[in-house]
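These protein sequences, in sequence, are chains A and B.
Per the working numbering, the very first residue in the first sequence carries number 1; after that it's consecutive.
Per the working numbering, the very first residue in the second sequence carries number 1001; after that it's consecutive.
Positions of the beta carbon are idealized from the N, C-alpha and C atoms, including for glycine.
To start, the structure itself, in structure tokens.
2 protein chains.
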Amino acid sequence: MTLAMTPVEESQLFDFLKECSEKVEDMLESLLPQPDDELEESRLFEAMRYSVFAGGKRLRPFLILSTNQLLGGEQTPAIEERAVRVAAAIEMLHTFSLIHDDLPCMDNDNLRRGKPTCHVQFDEFTAVLAGDALLSSCFEVLADFQTHPDASIRAELVRIAAASTGPLGMMGGQMIDMLAEQREEGERVVEQGELARLQRKKTGALFQACCECAALLNHADKMVQLHLQSYARNVGLAFQMIDDVLDVTGTKEQLGKTPGKDAIANKATFATLLGVDGARRQAEALCEQAQEQLAHFGPEAQPLRLLARYIVNRSY
Amino acid sequence: MTLAMTPVEESQLFDFLKECSEKVEDMLESLLPQPDDELEESRLFEAMRYSVFAGGKRLRPFLILSTNQLLGGEQTPAIEERAVRVAAAIEMLHTFSLIHDDLPCMDNDNLRRGKPTCHVQFDEFTAVLAGDALLSSCFEVLADFQTHPDASIRAELVRIAAASTGPLGMMGGQMIDMLAEQREEGERVVEQGELARLQRKKTGALFQACCECAALLNHADKMVQLHLQSYARNVGLAFQMIDDVLDVTGTKEQLGKTPGKDAIANKATFATLLGVDGARRQAEALCEQAQEQLAHFGPEAQPLRLLARYIVNRSY
């Protein structure tokens, strides 16, 4: 099993990513409130759209739609439509987390995906409200009849997304991250295990939720669910390790954000704990494990396999 | 129909409020994550609990439980239990909105319910995350099987709560409010209709959602739903009008927060637009209309009737 990618495979993955982005962006366009000069609150709608449409790889939608393809749902238009709606909702949730993470009181980032962050483009209160509104909207979409005719599926989609975001999920991870940054040099006791725990919550929980939601839409059996969860967990952690590596080795042009921020903040990352090469090697091991989870599947698993390889090969 | 309250009626309402607070606080205690010194993210759990248990009248839970009583649900322990869970979830959502409203970039309030606001007691990033986590947790509770055995009810509870919070609800209202505050004196064109629209979104939408959720738990018919919606809308708007009046006439000790902030911010309120007496009179008219919506009910509507009268009689 090799992780290296041929140019053909890379362009195959980019085609998958592009197709997925287009579907999800069309759906987001129809789901997000339309700006309207007659309405004062229109500024909120603009800010929500600004951040949602600021680019990004749409990895979480890709995870959902690729898992849906893996499980055969893509071949039934009704199921594919549901998966696209869920993917759009989860991308709203992800965008909420980016907007709030970038706030001055959090990571204080001015640049995201090569564009001014929401609070820079608008202002701080608009960014707080836009994030809040996107989080609410995610759940409104998931609970909507149009997302699935079976209410037990809708309620379960909400539960999965909310649990991955709440105090035991992403918000808990973000809290650990902020506290770790604030520690004095001398008290720094961040170890690899602690960092992995943080990142499993901060990034991994939502990656895993994506695969769980797609499994739910396809009534996947328990065994398949476990393989997918393990795939998502490994890919999520590897993704974060490479993110840390790129913060050391990448350029602003490649990343679309300011590199070296971790070093300036004197932050413990996988790159500082394991070294750039060590972090890369661990990410590779995780992506190999992720691929093994897909061993029982055929060519329908190709997008998920390519994603696991792309994550360690990406330069932005 | 009189709005004045005898001391007996007032103490009857306070008993209702107290009983309701106790039920909901016990439920919140069991639903919110337990602080644990072993966990770094425990600070997040502490902040969530700090703000949730900082007092407050628990008016939204009261609306839910009183509507549940009105519709007979209180007499079936299973339905009462569901209503208490929904009330706890909505109180989490309400607390989220208070924490974020108080942030330096929003209303910049240091005092709430007589105590330091979340970002003062903890810090700003903790307050942002605690709000986010409470919002997520609300939906996680509503979508949970324990809240209702019928998934279509669970999904609908989520939809109602999310719609009342999102860009067309509370977040939209907060955006209009923030923009109105920032306008230059000369451009100030806030009129009563605009202010009512703002407040219907900012406060009214969630009040209405409370009655809708309780109606849903009791399978109330369309006519009853409409009466309850109208009741909640009127009571919500009256509540805000008296809030504005109290900001002019109340003391810090009475209010548990700094009065006169609207005047300092040169903010258009019902008190500035209609005068203190005018705002009070309008609030009274709204509360009378609210009471009329309950005309077809018997003594089981007593808590909701007393609430409508209390709102114009309260001094904090």
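Of all the CB atoms in chain B, is at least one closer than 7 Å to the CB of residue 136 of chain A? Along the first sequence, read from residue 1 onward, the residue named residue 136 of chain A stands at position 136. Yes, residue 136 of chain A lies at the interface with chain B (some Cβ there is under 7 Å from its Cβ).
Between residue 121 of chain A and chain B, is any beta-carbon pair separated by less than 7 Å? As a working note, residue 121 of chain A is residue 121 in the first sequence. Taking Cβ atoms only, chain B never reaches closer than 7 Å to residue 121 of chain A, which makes this a no.
Going straight from the alpha carbon of residue 1393 of chain B to that of residue 1301 of chain B, what length do you get? Given a span of 1001 to 1316 for chain B in the structure shown, any question on residue 1393 of chain B remains unanswerable.
So residue 1140 of chain B and residue 159 of chain A are supposed to be a Cβ contact under 8 Å. How far apart are they, rounded? Residue numbering aside, residue 1140 of chain B sits at position 140 when the second sequence is read from its first letter. Residue numbering aside, residue 159 of chain A sits at position 159 when the first sequence is read from its first letter. That pair is a contact at about 6 Å.
In terms of DSSP beta bridges, what is residue 115 of chain A paired with? Numbered from its first residue, the first sequence carries residue 115 of chain A at position 115. Partner(s): A/112.
Indicate whether the contact test is met: 3 or more Cβ pairs, each with one atom in the segment 137-153 of chain A and one in the segment 100-119 of chain A, closer than 8 Å. no
From residue 90 of chain A to residue 1199 of chain B, what does the alpha carbon distance come to, in whole angstroms? Locating residue 90 of chain A in the first sequence gives position 90, where the first residue counts as 1. Locating residue 1199 of chain B in the second sequence gives position 199, where the first residue counts as 1. Here the alpha carbon of residue 90 of chain A sits roughly 30 Å from the alpha carbon of residue 1199 of chain B.
Should residue 1158 of chain B be flagged as near chain A, meaning a C-beta pair shorter than 7 Å? Here residue 1158 of chain B refers to the residue found at position 158 when the second sequence is read from its first residue. Residue 1158 of chain B belongs to the set of residues whose beta carbon lies under 7 Å from a beta carbon in chain A.
Within the segment 1053-1078 of chain B, note down every full alpha helix (DSSP H) run reaching 4 residues or more, in order along the chain. 1059-1070
For the ligand ZN, is there any heavy atom lying closer than 6 Å to the beta carbon of residue 179 of chain A? Summarising the ligand content, the structure contains no ligands, and the ligand ZN is consequently not present.
By the DSSP assignment, the alpha helix (DSSP H) with residue 1106 of chain B in it spans what residues? Position 106 of the second sequence, counted from the first residue, corresponds to residue 1106 of chain B. Counting along the chain, residue 1106 of chain B falls outside any alpha helix (DSSP H), and DSSP gives it neither H nor E.
At what residues does the alpha helix (DSSP H) containing residue 1181 of chain B begin and finish? Within the second sequence, the letter at position 181 stands for residue 1181 of chain B. Element bounds for residue 1181 of chain B: 1170-1182.
Verify the CB distance criterion: does residue 1207 of chain B have a CB-CB separation below 7 Å to chain A? The residue you call residue 1207 of chain B lines up with position 207 of the second sequence. Not one chain A Cβ lies under 7 Å of residue 1207 of chain B.
Of all the CB atoms in chain A, is at least one closer than 7 Å to the CB of residue 1240 of chain B? For the purposes of this step, residue 1240 of chain B is taken as the residue at position 240 of the second sequence. Not an interface residue.
Contact between the segment 230-240 of chain A and the segment 283-301 of chain A: three or more CB pairs below 8 Å? yes
Cross-chain neighbours of residue 264 of chain A in chain B, by beta carbon under 8 Å: Counting from 1 along the first sequence, the entry for residue 264 of chain A is found at position 264. Here the premise fails: no neighbours, minimum Cβ distance about 18 Å.
Can you name, in chain order, every residue of its own chain whose Cβ lies under 6 Å from the Cβ of residue 1280 of chain B, other than the five neighbours on each side? If you number the second sequence from 1, residue 1280 of chain B lands on position 280. Closer than 6 Å at Cβ, skipping near neighbours: 1245.
Would you kindly check if the distance between the Cβ of residue 32 of chain A and the Cβ of residue 48 of chain A is under 7 Å? The residue you call residue 48 of chain A lines up with position 48 of the first sequence. The residue you call residue 32 of chain A lines up with position 32 of the first sequence. Taking 7 Å as the Cβ cut-off, residue 48 of chain A and residue 32 of chain A qualify as a contacting pair.
Close-in-space but distant-in-sequence residues of the same chain around residue 1271 of chain B (CB under 6 Å, 5 per side omitted): Along the second sequence, one-based indexing puts residue 1271 of chain B at 271. Exclusion of the five residues before and after residue 1271 of chain B leaves 1244, 1245, 1248, 1279 as the residues of its chain whose Cβ lies within less than 6 Å of its Cβ.
Where does residue 1026 of chain B land, buried or exposed, given buried means 16+ other C-beta within 10 angstroms? Taking the second sequence and counting its residues from 1, the one referred to as residue 1026 of chain B is at position 26. Flag for residue 1026 of chain B reads exposed.
Checking contacts by CB at 7 Å: is residue 1092 of chain B closer than that to chain A? On the second sequence, residue 1092 of chain B is found 92 positions in, with the first residue counted as 1. Not an interface residue.
Give the straight-line distance between the Cα atoms of residue 168 of chain A and residue 265 of chain A, rounded to the nearest whole angstrom. By 1-based counting over the first sequence, the position of residue 168 of chain A is 168. By 1-based counting over the first sequence, the position of residue 265 of chain A is 265. So the alpha carbons of these two residues sit roughly 25 Å apart.
Inter-residue spacing [alpha-carbon to alpha-carbon] between residue 1251 of chain B and residue 1259 of chain B: Numbered from 1 along the second sequence, position 251 holds the residue referred to as residue 1251 of chain B. Numbered from 1 along the second sequence, position 259 holds the residue referred to as residue 1259 of chain B. About 6 Å.
Does the beta carbon of residue 1175 of chain B come closer than 7 Å to any beta carbon on chain A? Locating residue 1175 of chain B in the second sequence gives position 175, where the first residue counts as 1. Chain A, which has a Cβ nearer than 7 Å to the Cβ of residue 1175 of chain B, makes this yes.
Is the CB-CB distance between residue 1284 of chain B and residue 1003 of chain B below 7 Å? The sequence position of residue 1284 of chain B within the second sequence is 284, counting from 1. The sequence position of residue 1003 of chain B within the second sequence is 3, counting from 1. For the pair residue 1284 of chain B and residue 1003 of chain B, the CB atoms are nearer than the 7 Å cut-off.
DSSP three-state assignment for residue 1165 of chain B, whether helix, strand or coil: As a first step, residue 1165 of chain B must be located in the second sequence, where it is residue number 165. Residue 1165 of chain B: helix per DSSP, three-state reduction.
Mind pulling the chain A residues with CB within less than 9 Å of residue 1151 of chain B? In the second sequence, residue 1151 of chain B corresponds to position 151, counting from 1. Going along chain A in sequence order, the residues near residue 1151 of chain B (Cβ under 9 Å) are 150, 151, 152, 153, 154, 155, 156.
Beta-carbon contacts of residue 1082 of chain B that lie in its chain and below 7 Å, excluding the five residues immediately before and after: Within the second sequence, numbered from 1, the residue matching residue 1082 of chain B stands at position 82. The residues are 1147, 1148, 1217.
Measure the C-alpha to C-alpha separation of residue 10 of chain A and residue 276 of chain A and round it to an integer number of angstroms. On the first sequence, position 10 is the one that residue 10 of chain A refers to. On the first sequence, position 276 is the one that residue 276 of chain A refers to. So the two alpha carbons sit approximately 23 Å from each other.
By the 10 Å Cβ neighbour count, where 16 or more other Cβ atoms means buried, how is residue 38 of chain A classified, buried or exposed? One-based indexing of the first sequence puts residue 38 of chain A at position 38. Its Cβ having fewer than 16 others within 10 Å, residue 38 of chain A is exposed.
Please report the distance separating the alpha-carbon of residue 1180 of chain B from that of residue 1313 of chain B. On the second sequence, position 180 is the one that residue 1180 of chain B refers to. On the second sequence, position 313 is the one that residue 1313 of chain B refers to. If I take the Cα positions, the gap works out to 28 Å.
Could you name the residues of the segment 1037-1058 of chain B whose beta carbon sits closer than 7 Å to any beta carbon of chain A, in the order they occur along the chain? 1040, 1041, 1043, 1044, 1045, 1048
Taking only beta-carbon atoms, is residue 1125 of chain B less than 7 Å away from chain A? By one-based count along the second sequence, residue 1125 of chain B stands at place 125. At least one chain A Cβ lies under 7 Å of residue 1125 of chain B.
Within chain B, partners of residue 106 of chain A - CB distance below 9 Å: Position 106 of the first sequence, counted from the first residue, corresponds to residue 106 of chain A. Result: 1124, 1125, 1128, 1129.
If we cut at 7 Å on Cβ distances, does residue 1101 of chain B have a partner in chain A? Indexing the second sequence from 1 puts residue 1101 of chain B at position 101. It does not; no Cβ of chain A falls within 7 Å.
So residue 1170 of chain B and residue 41 of chain A are supposed to be a Cβ contact under 8 Å. How far apart are they, rounded? Mapped onto the second sequence, residue 1170 of chain B falls at position 170. Mapped onto the first sequence, residue 41 of chain A falls at position 41. Not quite, the Cβ-Cβ distance comes to about 11 Å (not below 8 Å), so this is no contact.
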